[in-house]
Amino acid sequence: MSELVQYLITGVGGGCAFALVGSGLVAIYRVTRVVNFAQGGFAVIAALTASTLLASGLPHGLAEGLAVAVGALTGLLVGLVAIGKPGTPPGAALIVTLGLGVFAYAVEVLVWGDQPRSFPGVPGAVEVFGARFQAHYLLIIGATLAVFAGMGLLFTRTDVGRALSACASNPYAAKVVGISVTRMGLVSFAIGGALGGLAGVLVTPIQLVTFDYDVTLIVGGLVRPALTLAGGLLLGVAQALVAGYGNAAYQMEVALVLMLAVMIWQAARKPIAQEEPA
Amino acid sequence: MRSRVVRWAPGVVVAAGTLALPPLLESGHLSVYILLGLAAMVTIGLSLLMGYAGQVSLGQASFYAIGGYTAGLLSVHSFPPVLGLLAAPVAAALFALLVGVPLLRLRGHHLAFATLATQLILLSLVGQADWAGGAIGLQGIPRLSVGGYEFAEDISYAYLTWAAVALTLVVAHNVVASRSGRGLRALATSETAAAASGVPVGGYRLAVFALSAAFAGLAGGIYAFYLGYIAPGSFPVLLSIEYVVMAVVGGLGTLWGALVGATAIVLLIQVLNTVGTQPGMPSYAPSVLSYAVYGLLLVVVVLFLPHGIVPAMQRRMTQTLTVGKR
Amino acid sequence: MIEVEDLTVRYGAAVALDGVSLTVGAGEMVALIGPNGAGKSTLVNTLSGILRPVSGRVTIGGRLAQVPEGRQMFPDLTVDDNLRLGGWRIRNRDTGPIYEVLPDLVKLRRRRAGLLSGGQQQMVAVGRALMSRPDVLAVDELSLGLAPLVVADLVRHLRELNSERGLAVLLIEQNARIALDLCTRAYVLEAGRIATSGPSAELAASPEVAAAYLGVAA
Amino acid sequence: MSEPLLNVEGVYRSFGGVFAVRGVDLTVAPGELRGVIGPNGAGKSTLFNLIGGQLTADRGTITFAGDRLDRLPAHRRAHLGIAIVFQGARIFRGMTALENVMVGAHATTRTGFLRGTLRLPPHRREEREIRQRAREALGRVGLADWADRAAEALPLGQQRALQVARALCGRPRLLLLDEPAAGLRAAEREALAQLIEELKAGGLTMIKIEHDVAFVTRLADRVTVLDLGRVIAEGTPAEIRADPAVVAAYLGTAA
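Protein chains in written order, with the working numbering: chain A, 543 to 820; chain B, 22 to 347; chain C, -7 to 210; chain D, 1219 to 1473.
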């Protein structure tokens, strides 16, 4: 029992990071129809920035906040390159983000070297139902919940949020009422960068920053917001359970097969003819 | 008649150059020449898949790996190496058929994600399979021999590789020009209209996926015999991305583009490696340099030469010709 | 109010509009009729700046708002939010006056626009366009897919807006009857060119227009 | 009356719980040109897609020359002899006009990947034949001079004609036309009407969906009128014109 609770909590903690990165991807995709292959880079850059700022003596909180801002700025830059040139179709923009993701890796290694880094999170451990785990997990879960609630408010209660939803659901109508779809696309890239950055900053204290963000990217295959949250959490929990009860070596396979299954199940439910432009 | 000569001339020149080159190259350059040929084979398949049939694969290196492991495992277990070489493309194609049935329900970026995921799963499974050498890899793969002839020298692998390149080019060219090829090119722009014309869309998508995998598998087989050693680390995700870069840079939808793209990128990597391994450079310099250059190249080509190098050059040439005529 | 001179618009190689000229005066109601694919929507999208012409000139003396073809709701947003976004261009967030002009929308304000009937959506589309306080309204296919009674109600609103506020209207319609009934002048667009134009009464009486656009009822 | 070529019986199709087509019956005799009209949203395109195989029916049966169609995928229906001219311009970009039309021969030819790759003599023979047929089809729609142009570079009217040529190249027994005249200039419309009349004279069975009432009543033998997913009337053009229910539903204004 206590073991199960422990796996569940650590799994949800890891899943929150997936969900954050994934929802950044979804925000960008919905507004711009571009799948951002540079999304994982936002998390890594923010985490590395935070480690540098903390090492240089900035207090916790400020350092992480600045790092998230750096993530947002990176997102904006990626967006400028990917959709800034008028007439770039989403498919081409996808390949551009793939290129930028590869480029970002070079920048990361150049600036921070190729050794993994980490920094401390919330100290101490907590006990729930006899399960002991690092207190930092509570911060991750709490922060993720707060961010998702905040995003909900942003999209339904502010004019910029409404404009973003408008571009996502009907770009033509958005143009009709005078909303700049490109500018809103850039805003969505900045939001995606911030969410990715937050995920990186939150997760680094419990697992080293590595450059292996491929798994996280797959979450982006789930392009509906609710699915992203559910998918991210499920992924985290499944990984923790497999690692705990089964063979840790097969963690990644389980995650990937799960994602593939969901993607294929989704695809099987919609006819093709409806998607093609006439 | 003259137009025929003009059309065939570049091919003849390239073929002659290809044949003449190996004896003139020193050993380091010869190995680059072989790797270039192998990359070109994979890229030709990818170009067929992406450029003609409109399907994106970010996992092409997994078929390369399947080919390599098939050839390696068979010959390590004392099957005749030539059997291993022949089995490599077949195994890769079978694997593509197997994963293709569920995966090809996906389209566009979903398919890209899914092929990437497939490669990650494959690499991880191979890394844990002791019978395939695990993470350390498969060692002691014998040299290729056909009949009594052993491919012992690099130069023989160079000719073997480029003969295989020629084979893939011819097969790809014939497929594109045939009835099936027309069906493929049609479904790339409108699956609905292609199906309404009688093209079995699902079957064709699967067939071209398997064909591109077979090309990669054959290249992987040659690679295994040439190096004598393969490991999961020989087939990273970046390699798959590299193939996409080659296909895109050269130009999708032209087979020459695949060749030009592969050549440009492989040569570029060599230059970067040379720069990166200069004394005083940090150990990670070569990889950082190549990542940075790939990334930038991909961005610049997609934004400013969206059809790739070869089509852009062709357009430039026809323009000059028509202007000249006036 | 609107002055279009020798306008040509292309999609790739296809010519959608070919040397079109037309005018809409202040406070005037003008119809643009023609069959499917004649280029009517292309003209509206060029007027509102969504499409760029190859050649020719568009002069708009005031603010133009567009009621696009097919209503074009933001389906996930509420009616009130749809209206608010209509004022994006001039930072107008006050939806109150719209509910006074179109009182039917009051009880729908919290409903999601995607769930409304076609007629209700068309009403929201008109209200959304009014949020930018336009001098001229370009209404694209007002009657499309709507029941006659609903269309009559919308037409009544447009008449009121025109007579009480002096709003100029360019009405794009496939249904020539409605258009000729409502507007004083009309242009007939056919395959990207103005085929005929003149006072509505004259066009309504013309046998060619009747045959081509009123079909069997001629 | 001879055995019908196409028989649609009690076909239903819904999207997200809303029926676009509910209980439609339609019988088309060999050699007939059937017009299908109705206001926007009447279910015309859905019915068309159900016959062509782009959609499958929730309920009901469709038989074509004795074969059950309703569970077959679209490409199998093409092999049975159903060809389609889509609304708009569904042409194959990146291919020449001639190659576009050659794709249309897919349903009646058979060279597979292997034989095509090996370039065996039967393949060469078939390629020659396909090319020949495609040129004929292009000539028939007046596009002979455009054969080597990129299909996407043709004007809309020519792209529509190209689709007709592509359909004819498959030697269909039933041709489905979805608003073929939409967006065409008067002269192009006239040319299209003439082509359809020629095809009709040649004995080809056709179903033509139209929005433009004048165009359909001029050419069709019989007209089916759809409204809100149901057949509200069927008869000769003259009967349809006189039907008050049709006039009300179709023109439906009196504002």
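Positions of the beta carbon are idealized from the N, C-alpha and C atoms, including for glycine.
So, using beta-carbon positions, are residue i and residue j closer together than 8 angstroms?
| i | j | result |
| --- | --- | --- |
| residue 251 of chain B | residue 159 of chain B | yes |
| residue 132 of chain B | residue 81 of chain B | no |
| residue 100 of chain C | residue 90 of chain C | no |
| residue 196 of chain B | residue 239 of chain B | no |
| residue 183 of chain C | residue 1402 of chain D | yes |
| residue 121 of chain C | residue 129 of chain C | yes |
| residue 1361 of chain D | residue 1392 of chain D | no |
| residue 210 of chain B | residue 1310 of chain D | yes |
| residue 1321 of chain D | residue 1449 of chain D | no |
| residue 178 of chain C | residue 25 of chain C | yes |
| residue 777 of chain A | residue 802 of chain A | no |
| residue 243 of chain B | residue 181 of chain B | yes |
| residue 1355 of chain D | residue 218 of chain B | no |
| residue 1395 of chain D | residue 1426 of chain D | yes |
| residue 1239 of chain D | residue 1268 of chain D | yes |
| residue 246 of chain B | residue 172 of chain B | yes |
| residue 1261 of chain D | residue 1447 of chain D | yes |
| residue 700 of chain A | residue 565 of chain A | no |
| residue 113 of chain B | residue 88 of chain B | yes |
If residue i sits next to residue j, beta carbons under 8 angstroms apart, how far is it from one beta carbon to the other, in whole angstroms?
| i | j | result |
| --- | --- | --- |
| residue 13 of chain B | residue 268 of chain B | Outside the modelled stretch of chain B, which goes from 22 to 347, sits residue 13 of chain B, for which no answer is possible. |
| residue 1327 of chain D | residue 200 of chain B | 6 angstroms |
| residue 1231 of chain D | residue 1275 of chain D | 5 angstroms |
| residue 642 of chain A | residue 580 of chain A | 5 angstroms |
| residue 1229 of chain D | residue 1280 of chain D | 7 angstroms |
| residue 110 of chain B | residue 235 of chain B | 4 angstroms |
| residue 588 of chain A | residue 610 of chain A | 6 angstroms |
| residue 118 of chain C | residue 149 of chain C | 7 angstroms |
| residue 613 of chain A | residue 738 of chain A | 6 angstroms |
| residue 19 of chain C | residue 154 of chain C | 7 angstroms |
Item to complete: Write down every uninterrupted run of the alpha helix (DSSP H) in the stretch 1410 to 1449 of chain D whose length is 4 residues or greater and which is fully enclosed by it, in chain order.
Response: 1431 to 1437
Let me know the beta strand (DSSP E) ranges lying completely inside the stretch 1297 to 1379 of chain D, each 3 residues or longer, listed in chain order. 1300 to 1303
- Looking at C-beta atoms only, is the number of pairs between the stretch 1252 to 1266 of chain D and the stretch 1313 to 1320 of chain D that lie closer than 8 angstroms three or more? no
Checklist line | Residues within the stretch 1403 to 1426 of chain D neighbouring chain C, beta-carbon criterion of under 7 angstroms | finding: 1403, 1404
| said: Check whether the stretch 37 to 45 of chain C and the stretch 76 to 95 of chain C are in contact - that is, three or more C-beta pairs closer than 8 angstroms. | reply: Counting C-beta pairs with one atom in each stretch, the stretch 37 to 45 of chain C and the stretch 76 to 95 of chain C have fewer than three that are closer than 8 angstroms, which means they do not touch.
Open item on the list: So within the stretch 1232 to 1308 of chain D, which uninterrupted alpha helix (DSSP H) runs reach at least 4 residues, ignoring any that extend past its ends?
Closed with: 1262 to 1270, 1292 to 1298
Exercise for review: Output, in sequence order along the chain, the residues in the stretch 100 to 115 of chain C whose CB is closer than 7 angstroms to any CB in chain D.
Suggested key: Per Cβ criterion, the list is empty.
Exercise. Mind listing which residues of the stretch 159 to 190 of chain C have their C-beta closer than 7 angstroms to chain D's C-betas, in chain order?
Worked result: 167, 169, 170, 173, 182, 183
> Hey, is the stretch 615 to 627 of chain A in contact with the stretch 725 to 738 of chain A, meaning 3+ C-beta pairs nearer than 8 angstroms?
Replying inline: yes
Margin query: What are the residues in the stretch 125 to 143 of chain C lying within 8 angstroms of chain D by C-beta distance?
Written below: 135, 136, 137, 139, 140, 143
Inset, instruction - Only counting runs of 3 or more residues, tell me where the beta strand (DSSP E) segments fall wholly within the stretch 663 to 744 of chain A, in order along the chain. - result: 667 to 670, 673 to 676
Please give me, in chain order, every unbroken run of the alpha helix (DSSP H) with length at least 4 that falls completely inside the stretch 21 to 85 of chain C. 32 to 39, 71 to 78
Residues from the stretch 314 to 329 of chain B in contact with chain A, defined by Cβ distance under 8 angstroms | For the stretch 314 to 329 of chain B, which is checked against every Cβ of chain A, the residues closer than 8 angstroms are 315, 316, 317, 318, 319, 320, 323, 324, 327.
Counting only runs that start and end within the stretch 199 to 246 of chain B, where is the alpha helix (DSSP H) found for 4 or more residues in a row? 200 to 210, 212 to 217
- Can you give, in chain order, each stretch of the beta strand (DSSP E) that sits fully within the stretch 99 to 183 of chain C and has at least 3 residues? 128 to 132, 160 to 165, 177 to 182
Quick one: which residues of the stretch 1297 to 1309 of chain D get their C-beta closer than 7 angstroms to a C-beta of chain C? List them in chain order. none
Any residues in the stretch 1319 to 1345 of chain D with a beta carbon nearer than 7 angstroms to a beta carbon of chain C? Which ones, in chain order? Cβ contacts with chain C come from no residue of the stretch 1319 to 1345 of chain D.
* Are the stretch -5 to 10 of chain C and the stretch 320 to 328 of chain B touching by the rule of at least three beta carbon pairs closer than 8 angstroms? -> no
- Is the stretch 97 to 110 of chain B in contact with the stretch 118 to 128 of chain B, if contact means three or more CB pairs nearer than 8 angstroms? Short answer: they don't touch.
- Message: Please give me, in chain order, every unbroken run of the alpha helix (DSSP H) with length at least 4 that falls completely inside the stretch 80 to 118 of chain B.
- Response: 81 to 97
Below 8 angstroms, can you find three or more Cβ-Cβ pairs linking the stretch 633 to 649 of chain A to the stretch 306 to 316 of chain B?
yes
Short of 9 angstroms Cβ to Cβ, which residues in the stretch 720 to 751 of chain A face chain C? 720, 721
Quiz prompt | Cβ contact check for the stretch 626 to 634 of chain A and the stretch 738 to 749 of chain A: 3 or more pairs under 8 angstroms | solution = The stretch 626 to 634 of chain A vs the stretch 738 to 749 of chain A: no contact.
Fill in: the stretch 145 to 171 of chain B: positions lying closer than 8 angstroms to chain A by Cβ
145, 146, 149
Review point. Between the stretch 565 to 576 of chain A and chain C, which residues of the former have CB atoms less than 8 angstroms from a CB of the latter, in chain order?
Key: none
Could you list the residues in the stretch 29 to 61 of chain C with a C-beta less than 7 angstroms from some C-beta on chain A, going in chain order?
-> 40, 42, 58, 60
Review point. For the stretch 1444 to 1460 of chain D, which residues have a beta carbon sitting closer than 9 angstroms to at least one beta carbon of chain B?
Key: none
Item checked: Residues in the stretch 249 to 267 of chain B having any Cβ partner in chain A nearer than 7 angstroms -> Within the stretch 249 to 267 of chain B, 258, 262 place their CB atoms closer than 7 angstroms to a CB of chain A, listed in sequence order.
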